[in-house]
Amino acid sequence: MRHKFTITISDVKGSRHYTIDDILKRVVAIFLILIALLFAGGVIYITVLNHKVGQLDIKKDELQNELNDKIAYYEVIKSKIEEIESIIGIAHEEDENITHEARLSNITLTTVQQSLLLQFIPNGAVTTHNGISDKFGMRKHPIKMTNEFHSGLDFRTPLQTPIYAPALGIVEYAGYSDSGYGSLVIVDHGFGFKSYYAHLDRKMLVKVGQFVKKGDHIANSGNTGLSSGPHLHYEVRFLGRALNPINFVNWNLNDFSQIFEKETNVQWDSLLEVMSILLANKQNPQ
Ligand SMILES: [Zn+2]
90 MRHKFTITIS DVKGSRHYTI DDILKRVVAI FLILIALLFA GGVIYITVLN HKVGQLDIKK
150 DELQNELNDK IAYYEVIKSK IEEIESIIGI AHEEDENITH EARLSNITLT TVQQSLLLQF
210 IPNGAVTTHN GISDKFGMRK HPIKMTNEFH SGLDFRTPLQ TPIYAPALGI VEYAGYSDSG
270 YGSLVIVDHG FGFKSYYAHL DRKMLVKVGQ FVKKGDHIAN SGNTGLSSGP HLHYEVRFLG
330 RALNPINFVN WNLNDFSQIF EKETNVQWDS LLEVMSILLA NKQNPQ
């Protein structure tokens with residue numbers, strides 16, 4: 090005969106006997122019911138999740154469309170800003186840190202006026218160089234060894250270094266000068282301003298009468314004329330009078346007003362007034 094464990098539970102109602110089989114059956118039954126409940130719960134849960142995922146997909150598509158619209162809109166604005174920047178001559182920097190708000194705030198009417206002025210009057214670097222070898226003003230001439238006025242700025246440049254026009258203008262002279270300048274280019278920028286480039290390479294790149302714009306490659310540096318070594322002698326003249334070119338070299342949109350205080354030989358106020366009239370006419374053609 091098989092041995093059976095019997096568990097007896099006694100309470101006020103009396104005693105009940107349970108065999109191990111009974112208990113096992115109950116445990117299994119409870120276990121199965123729990124599994125079934127879990128399964129049913131899982132199915133319901135998955136169904137609900139599926140539904141939510143479906144809704145999210147729809148939402149995602151909507152957001153994606155909205156995003157695409159925004160990107161397209163952003164691209165239009167971006168290209169418009171670039172267009173305006175190029176019209177008014179602000180160099181567009183590929184710098185992600187510069188926000189479009191900052192770029193837009195740069196495009197003010199004043200900036201447009203300023204940019205216009207910077208198209209006409211010499212400004213910025215005319216060449217790459219290895220330093221300034223001689224400043225504007227009185228100095229001892231390196232060849233004549235006499236004290237005399239140096240009417241320009243000397244940039245130490247290797248031979249054949251490109252020289253770029255610092256503003257638009259017309260070539261007034263392009264050839265060899267016996268005055269000591271050697272190969273010389275003179276650009277007339279109008280409004281009384283001219284720029285001189287001396288000791289150039291003998292081969293001229295521009296012709297008299299040719300119009301040039303800011304940034305055009307107008308000559309190559311050399312070592313011609315009264316020159317003690319390869320360099321560019323750069324002059325800015327106003328009504329025939331040599332001005333200190335350094336103020337013009339350092340002049341740009343970011344440091345715009347400085348020159349008005351440093352270069353007092355030009356009546357800047359009246360020039361700015363003329364520029365603003367030019368601009369007003371440009372905006373509202375009569
Ligand atoms: Zn010089």
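Each step along the sequence shown adds one to the number in the working numbering, with nothing skipped, and position 225 is 314.
Ideal Cβ positions, reconstructed from N, Cα and C, are used throughout, including at glycine.
Spatial neighbours of glutamate 333 within its chain, please: CB distance less than 6 Å, with the 5 preceding and 5 following residues excluded, ordered by chain position.
For the sequence presented, residue 333 should be read as asparagine rather than glutamate. Around asparagine 333: Phe225.
Please report the distance separating the alpha-carbon of glutamine 299 from that of valine 260.
Cα to Cα, the separation comes out at about 5 Å.
Is histidine 306 near ligand 1, going by C-beta to nearest heavy atom under 8 Å?
No, the Cβ of histidine 306 stays beyond 8 Å of every heavy atom of ligand 1.
Who sits around ligand 1, taking every residue whose Cβ is closer than 6 Å to one of its heavy atoms?
The set, ordered by position in the chain, is Asp223, His239, Gly241, Asp243, His322.
Can you name, in chain order, every residue of its own chain whose Cβ lies under 6 Å from the Cβ of methionine 364, other than the five neighbours on each side?
Excluding positions up to five away in sequence, the list reads Gln202, Leu205, Leu206.
Please classify phenylalanine 403 as buried or exposed, where buried requires at least 16 neighbouring CB atoms within 10 angstroms.
The question about residue 403 has no answer, for the chain in this structure spans 90 to 375.
Opposite valine 301 in the DSSP bridges: which residues?
Valine 301 is bridged to Gly258.
Answer with buried or exposed for asparagine 309, where buried requires no fewer than 16 other C-beta atoms within 10 angstroms of its C-beta.
Buried, since its Cβ has 16 or more Cβ neighbours within 10 Å.
Let me know the secondary structure DSSP gives alanine 331 once reduced to three states.
Reduced to three states, the DSSP call for alanine 331 is strand.
Helix, strand or coil: how does DSSP classify lysine 351 here?
Residue state, collapsed to three classes: helix.
In whole angstroms, give me the CA-to-CA distance for proline 255 and isoleucine 160.
Going by the C-alpha atoms only, they are around 38 Å apart.
At what residues does the beta strand (DSSP E) containing tyrosine 107 begin and finish?
That run of the beta strand (DSSP E) goes 103 to 108.
From glutamine 356 to serine 346, what does the alpha carbon distance come to, in whole angstroms?
Computed Cα separation, rounded: 13 Å.
Please classify methionine 293 as buried or exposed, where buried requires at least 16 neighbouring CB atoms within 10 angstroms.
Classification for methionine 293: buried.
Can you give me the Cβ contacts of glycine 318 inside the same chain, cut-off strictly under 7 Å, excluding the 5 residues immediately before and after it?
Result list for glycine 318: Asn312, in chain order.
To the nearest whole angstrom, what separates the beta carbons of isoleucine 221 and leucine 242, a pair I think is in contact under 8 Å?
About 6 Å separates the two Cβ atoms, so the contact holds.
Are proline 211 and phenylalanine 349 closer than 9 Å when you measure CB to CB?
Going by C-beta atoms, proline 211 is not nearer than 9 Å to phenylalanine 349.
In chain order, what residues of the same chain have a beta carbon less than 6 Å from the beta carbon of glycine 314, not counting five sequence neighbours either side?
Correct list, in chain order: Gly269, Tyr270, Gly271, His288.
Starting from isoleucine 96, trace the beta strand (DSSP E) both ways and give me its first and last residue.
Where isoleucine 96 is concerned, the enclosing beta strand (DSSP E) stretches over 95 to 100.
In terms of DSSP beta bridges, what is glycine 143 paired with?
DSSP lists no partner for glycine 143.
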